[in-house]
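Residues in the sequence shown are numbered from 153 upward in steps of one, following our numbering. Written out below as C-alpha cells is the structure these notes cover.
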Amino acid sequence: MRLHCVSGLALVGVLTILCGCTWGRAPSRGDEDSPSRTGREDGGPTFYQEYEVDVPARPVDPIRPAYPSRLRALGVEGEVEARVIVLSDGSVGGARLVTSTHDDFTVAVREALRGARFYPARRRGKPVSSWVTVRLHFRVEE
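Shown next, in the form of C-alpha cells:
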C-alpha cells in the first residue's frame, strides 16, 4: 500500500488558534463583523482573506499528514479541507475545519499543520498574515 496526500489551495472559509486547536465555522466572504476581516476595531491582528492579497500563502513543503493506520488497514480514503491562518513569518497561527470525511483524518491534519511552514502571503510587496484554504486527500494505493 502507498499513501498519497495532495495539498491544494482554494477559496472557501474558516480559523482557530492551533495552540489548543479547536475547529469551527468559518466567516463568510461578506461577514463584515468577522475577526478575520481587515481593520479590526479591537486592535487585534489583521488576517487578510485570499482574495485581498497579491500573492497567496503556500506551503514551503507538501503537507503530509500521517495516514491513520486503522483507516489505512480498512482501505478507507478521504479528504479534509481546512482554513489556515498563515502569519507573516510563515508559521501557522490557527486552523478551522471546513469539511472532513472522517474524524481520524481531521486529527491527522491538525497534527500535520502544527509543524507546517508556509511562504507568507504578500500584499503590496510585503509579507502579511492571511487565510489560506488547504485540502488534503488520503488515498490508499496498492
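Cβ coordinates follow ideal geometry from the N, Cα and C atoms, glycine included.
According to the Cβ coordinates, are residue i and residue j closer than 8 Å?
{"i": "Ala234", "j": "Val280", "result": "no"}
{"i": "Phe270", "j": "Pro214", "result": "no"}
{"i": "Ser236", "j": "Val284", "result": "Here residue 236 is Val; the residue named in the question, Ser, does not match the sequence. Yes, they are a contact pair."}
{"i": "Val238", "j": "Ser252", "result": "no"}
{"i": "Leu223", "j": "Asp255", "result": "no"}
Near residue i, what residues of its chain come up, given a Cβ to Cβ distance below 6 Å and the 5 sequence neighbours on each side ignored?
{"i": "Gly227", "result": "Val292"}
{"i": "Arg274", "result": "Asp206, Val207"}
{"i": "Ala209", "result": "Val238, Phe270, Pro272, Ala273, Ser282, Val284"}
For residue i, count neighbouring Cβ atoms within 10 angstroms of its own Cβ and tell me buried if that reaches 16, exposed if not.
{"i": "Ser221", "result": "exposed"}
{"i": "Ser188", "result": "At Ser188, the pLDDT of 46 sits below 50, so the modelled position is not reliable; the number obtained from the coordinates is stated separately. Buried, since its Cβ has 16 or more Cβ neighbours within 10 Å."}
{"i": "Gly245", "result": "buried"}
{"i": "Arg248", "result": "buried"}
{"i": "Ala260", "result": "buried"}
{"i": "Ala225", "result": "exposed"}
With which residues is residue i paired in a DSSP beta bridge?
{"i": "Ala247", "result": "Val236"}
{"i": "Ile273", "result": "Reading the sequence as shown, one finds Ala at residue 273 and not Ile. Val280, per the DSSP bridge assignment."}
{"i": "Tyr219", "result": "Partner(s): none; Tyr219 has no beta bridge."}
{"i": "Pro211", "result": "Phe270"}
{"i": "Tyr200", "result": "Ser282"}
Cutting at 8 Å between CB atoms, please list the residues of its own chain near residue i, excluding the five before and the five after it.
{"i": "Ala264", "result": "Ile215, Arg216, Pro217, Ala218, Leu288"}
{"i": "Asp241", "result": "Pro272, Pro279"}
{"i": "Gly277", "result": "Asp206"}
{"i": "Tyr200", "result": "Thr190, Ala273, Arg275, Val280, Ser281, Ser282, Trp283"}
{"i": "Ala258", "result": "A quick correction: the sequence has Thr, not Ala, at residue 258. Closer than 8 Å at Cβ, skipping near neighbours: Trp175, Val232, Leu249, Ser252."}
Throw me the rounded Cβ distance for the residue i and residue j pair, which I believe falls under 8 Å.
{"i": "Glu229", "j": "Phe290", "result": "6 Å"}
Between residue i and the rest of its own chain, which residues show a CB-CB distance below 7 Å, the 5 nearest in sequence each way excluded?
{"i": "Pro197", "result": "Ser281"}
{"i": "Ala268", "result": "Pro211, Ile215, Val244"}
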